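Going by this note's numbering, the first sequence opens with residue 865, and the numbers climb by one from there.
Just so it is clear, CB atoms sit at the ideal spot from N, CA and C, and this is done for glycine as well.
Here the structure is a predicted model, which is why all the values come from computation and not from measurement.
Below is one structure, written out as structure tokens; comments come after it.
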Amino acid sequence: MPELPEVETTLKGISRGILHKKITSFVCRDKKLRWPIPADMSSFLKNQSFESAYRRGKYIILNLANKKGSVLIHLGMSGKLRISKKLNPPVKHEHWDINFTDGWTLRYTDIRKFGAMLKTRKDPNDHKLIKNLGPEPLGNNFNGDYLFKKSRKKSLPIKNFIMDSKIVVGVGNIYANEALFMAGIRPTKKSGLISKVKFEELSHAIIITLREAIEAGGTTLKDYTNAEEAPGYFKKELKVYDRGGENCVRCNKKLKEIRQANRQTVYCSTCQN
DNA sequence: CTGGTGACCTGGCTGC
DNA sequence: TGCAGCCAGGTCACCA
């Protein structure tokens, strides 16, 4: 499911329902996600409570009260979190539940099991998976100048460059395609050959694309739903992603579809240079 | 260091 | 109807 807007939407959806409530139990039905869910997760969580929740890149980080540690959650390709008071008995792919004292449950579902649930007793920002992440695209340290400096002497195609989480977090395949279209940059262009002016346009395009997608509640292609099981409405705003062979919304010529790093890339060879 | 590829896993769709 | 093959929102580990 999830690029940054979908993770952000999920975080907003679960926060109110999980904070400042005593955790009565953690129930793990399948620990085999991308990495195994730690065997002591249950004792780690029991009788604690979450005092804050935030997003870093595509990770959701839940902090326990009284500095008891943090839980890191990643949704992978198909992970979903739901918060509800009346959940049906778990079915296939519903891998774990966190139950709260007021009867609410946070439930994780993940068909492909590329997601993760890990814990740390230290500062989560020092966690191996978090500490080397690049800046937040919607934060203060992300702009055209930053991208320009990072990209000098790189031969890597610009699409791969902006999808690298060490460069900038949260830009996945959908929004990389969309932002490059908005900025008029061909996805195959070598990063090191792009001008500072073009990088200003690109950083703006990334920010605008992500903001608008968050406002629309994310993109539902197939099965993404938020914490209340509602879809996102950004799909109708997509200009290039999943539209290979269709007409460019700007010039009406046929959009090209290629593969880069084994991912679908769609662009307009007239509008993007 | 850099960039490219395979790996993880399940299900849906396409085409023979 | 069956089945092989390909594709899907991510990203780490490993290789040259």
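Discussion item. Can you tell me whether residue 974 is helix, strand or coil according to DSSP?
Written reply: strand
Practice prompt. Classify residue 897 as helix, strand or coil using the three-state DSSP reduction.
Written response: coil
Fill in: Residue of 1056, 979, 950, 968 minimising C-alpha distance to residue 959
979
Worksheet entry | Pairwise C-alpha distance: residue 1068 and residue 1027 | 16 Å
Fill in: residue 1030 versus 1010, 953, 1044, 1039, residue with shortest Cα-Cα distance
Taking only the C-alpha atoms, the option nearest residue 1030 is 1010.
Practice prompt. Reducing DSSP to helix, strand and coil, say where residue 943 ends up.
Written response: strand
Worksheet item: So what's residue 1046 in DSSP terms, helix, strand or just coil?
Response: helix
Worksheet item: Is it buried or exposed for residue 1126, if we count other Cβ within 10 angstroms and need 16 for buried?
Response: exposed
Worksheet item: Cα-Cα, which of 1034, 1024, 927 is closest to residue 1002?
Response: 1034
Worksheet item: Who are the near neighbours of residue 937 in its chain, counting only those whose CB is closer than 6 Å to its CB and skipping five residues on each side?
Response: 924, 981
Worksheet entry | CA nearest to the CA of residue 869, picked from 1119, 1129, 1080, 1135 | 1080
Worksheet item: Taking the C-alpha atoms as reference points, what is the distance between residue 1112 and residue 917?
Response: 40 Å
Worksheet item: Which residues in the same chain have their Cβ closer than 7 Å to the Cβ of residue 1059, if we skip the five residues on either side of it in sequence?
Response: none
Worksheet item: Does the beta-carbon distance from residue 983 to residue 935 come in below 8 Å?
Response: Yes, these two residues count as a Cβ contact at 8 Å.
Worksheet item: Just to confirm, are residue 1078 and residue 1043 a CB contact at a threshold of 8 Å?
Response: Not in contact: residue 1078 and residue 1043 (Cβ atoms no closer than 8 Å).
Worksheet item: Considering only C-alpha positions, which residue in the set 915, 972, 921 is nearest to residue 895?
Response: 972
Worksheet item: What did DSSP end up calling residue 1006 once you bin it into helix, strand or coil?
Response: Note: residue 1006 maps to coil in three-state DSSP.
Discussion item. Quick check on this structure: which residue in 1109, 1056, 969 has the alpha carbon closest to the alpha carbon of residue 879?
Written reply: 969
Fill in: Cα-Cα separation, residue 872 to residue 906
26 Å
Worksheet entry | Straight-line gap, residue 1037 to residue 956 (C-alpha atoms, nearest Å) | 28 Å
Fill in: CB of residue 921 within 8 Å of CB of residue 997, strictly
yes
Worksheet item: Buried or exposed: where does residue 965 fall if 16 or more other Cβ atoms within 10 Å of its Cβ makes it buried?
Response: exposed
Worksheet entry | Reference residue 881, options 941, 914, 988, 902, closest by Cα | It is 914 whose Cα lies nearest to the Cα of residue 881.
Item to complete: Quick one: measure Cβ to Cβ for residue 1050 and residue 1137, integer angstroms, because I've assumed they're closer than 8 Å.
Response: Your pair residue 1050 and residue 1137 checks out as a contact, with CB atoms roughly 6 Å apart and the cut at 8 Å.
Item to complete: Could you say which of 940, 1000, 1007, 961 lies nearest to residue 976 if we only look at CA atoms?
Response: 940
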